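>
In the working numbering, the protein residues as written are 6 to 136.
1) Give me the Cβ distance between residue 112 and residue 103, rounded to the nearest whole Å; I'm assuming they're in contact under 8 Å.
2) I'd like the list of long-range same chain contacts for residue 134, defined as Cβ closer than 6 Å, with 5 residues on each side in sequence excluded.
3) What first and last residue would you give for the beta strand (DSSP E) that runs through residue 130?
4) Which one or two residues does DSSP pair with residue 70 in a beta bridge?
5) Compare the Cα-Cα distances from residue 79 to each of 73, 72, 89 and report the closest residue.
6) Check the DSSP bridge columns for residue 111 and list the partner residues they point to.
7) Between the C-alpha atoms of residue 117 and residue 128, what's the straight-line distance to the nearest angstrom?
8) Please report how far the alpha carbon of residue 122 lies from the alpha carbon of residue 115, in whole angstroms.
9) Spatial neighbours of residue 136 within its chain, please: CB distance less than 8 Å, with the 5 preceding and 5 following residues excluded, ordered by chain position.
10) Check the C-beta distance from residue 87 over to residue 71 and give it rounded, since I have them as a contact under 8 Å.
11) State the Cα-Cα distance for the pair residue 109 and residue 119, rounded to the nearest angstrom.
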């Protein structure tokens, strides 16, 4: 079930001279790599890479503990952003769940730098604050 010109081994590869599973690109080996050429490893994004969860130089690792995270270094599930501890956060560096923004500690905050829950705005301390 491979697609592309030249020889390929494995399953679900798109490109030539690839081996492994679900790779996209030429001369790629490993699992789930999206690379133009010469890559190997797991979950890499970029050019001429090797390793686990690598996106390239000067980029955040794709490693996350949880499911359905779009970003890196998340502990939890369904986070959009990086460095979140919790689930369902949209933004980065949140501790808690359901936050929209960055740097929040708590649950259900909309804004940045809030501590508490249900705050709308920035830099609120407590719960249910607006502003």
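Beta carbons: idealized from backbone N, C-alpha and C, even for Gly. Values in this document were obtained by computation on a predicted structure and should not be read as measured data.
Here's the rundown:
1) Contact between residue 112 and residue 103 is confirmed by a C-beta separation of about 6 Å, below the 8 Å threshold.
2) Answer for residue 134: 124, listed in chain order.
3) 130-132 is the extent of the beta strand (DSSP E) around residue 130.
4) DSSP, once it has assigned bridges, lists 80 as partnering residue 70.
5) The option with the nearest alpha carbon to residue 79 is 89.
6) Its beta-bridge partners are 121.
7) When rounded, the distance between both Cα atoms is 6 Å.
8) Those two C-alpha atoms are separated by around 9 Å.
9) Excluding positions up to five away in sequence, the list reads 125, 126, 129.
10) Not a contact, Cβ separation roughly 13 Å.
11) Roughly 5 Å between the two C-alpha positions.
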